[in-house]
Amino acid sequence: MPYIRLSITKKLTPEIEQKLVNGLGEALSKIPGKDPCWTMVEVNDGLRMYFGGEKQEDMVFADVKYVSKFEYHKKKAFTIAPFDAIHEILGTSKDRICLTITEFTNWGAVGDFRDEFYAD
Numbered sequence: 009m010p011y012i013r014l015s016i017t018k019k020l021t022p023e024i025e026q027k028l029v030n031g032l033g034e035a036l037s038k039i040p041g042k043d044p045c046w047t048m049v050e051v052n053d054g055l056r057m058y059f060g061g062e063k064q065e066d067m068v069f070a071d072v073k074y075v076s077k078f079e080y081h082k083k084k085a086f087t088i089a090p091f092d093a094i095h096e097i098l099g100t101s102k103d104r105i106c107l108t109i110t111e112f113t114n115w116g117a118v119g120d121f122r123d124e125f126y127a128d
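In this note's numbering, the protein residues as written are 9 to 128.
Following this line, the structure appears as structure tokens:
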């Protein structure tokens with residue numbers, strides 16, 4: 009159940025949006041057990057974003073949430089991959105891309121509660 013929420017200043021065409029979603033799904037596969045077919049991506053484009061009090065014409069914020077906890081080197085490899093995908097697909101400079109990762113041990117899916125460490 010990886011979930012990626014993108015906040016983007018640029019307005020995207022449907023083709024570029026799909027390419028970005030596919031690229032982020034591939035990036036997420038750098039984390040073991042995270043399959044692009046289970047990835048949810050929310051795209052919010054054409055936004056007004058400010059950094060340091062100044063309006064930005066080209067900026068992306070990615071908020072990534074997934075179940076489980078992974079070692080530093082796996083999260084680092086994953087973090088580099090979306091930066092590369094966003095830069096390659098949108099042309100956004102890497103100093104105008106920010107990313108957060110939130111890890112969970114429990115979640116609800118397919119109509120049920122699940123926990124990484126416990127089962128019924």
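Here a beta-carbon is modelled for each residue, glycine too, at the ideal position from N, C-alpha and C.
Here the structure is a predicted model, which is why all the values come from computation and not from measurement.
Fill in: Proximity winner among L28, S101, P40 and M48, relative to K73 (alpha-carbon distances)
As a first step, residue 73 is located in the sequence shown; it is residue number 65 there, counting from the start. Residue M48 is the option with its Cα nearest to K73.
Discussion item. For a test of the three-state rule: what should DSSP assign to Y11, helix, strand or coil?
Written reply: For the purposes of this step, residue 11 is taken as the residue at position 3 of the sequence shown. It is a strand residue.
Discussion item. What would DSSP say about V29, mapped onto helix, strand or coil?
Written reply: As a first step, residue 29 must be located in the sequence shown, where it is residue number 21. Helix.
Worksheet item: Which one or two residues does DSSP pair with V118 in a beta bridge?
Response: Reading the sequence shown from its first residue, position 110 is the one you call residue 118. DSSP output for V118 lists no bridge partner at all.
Worksheet item: Roughly how many angstroms lie between the CA atoms of F91 and N114, to the nearest whole one?
Response: Residue mapping note: residue 91 aligns to position 83 of the sequence shown, counting from 1. Residue mapping note: residue 114 aligns to position 106 of the sequence shown, counting from 1. So the alpha carbons of these two residues sit roughly 27 Å apart.
Practice prompt. Report yes or no: do three or more beta-carbon pairs, one from the stretch 25-33 and one from the stretch 99-107, lie closer than 8 Å?
Written response: no
Worksheet item: Which residues share a DSSP beta bridge with L107?
Response: For the purposes of this step, residue 107 is taken as residue 99 along the sequence shown, with counting starting at 1. Answer is A70.
Item to complete: To the nearest angstrom, report how far apart I2 and D128 are at their CA atoms.
Response: What is shown of the chain runs 9 to 128, which leaves residue 2 out entirely.
Worksheet entry | Exposure label - P22; buried when at least 16 CB within 10 Å | Mapped onto the sequence shown, residue 22 falls at position 14. Under this definition P22 is an exposed residue.
Item to complete: Tell me whether I39 sits in a helix, a strand or coil according to DSSP, three-state version.
Response: Residue mapping note: residue 39 aligns to position 31 of the sequence shown, counting from 1. It is coil, neither helix nor strand.
Practice prompt. Taking F69 and I39 to be in contact with their CB atoms under 8 Å, please state how far apart those CB atoms are, rounded to whole angstroms.
Written response: Here residue 69 corresponds to residue number 61 of the sequence shown, with the count starting at 1. Here residue 39 corresponds to residue number 31 of the sequence shown, with the count starting at 1. Rounded, the Cβ-Cβ distance is 20 Å, inconsistent with contact.
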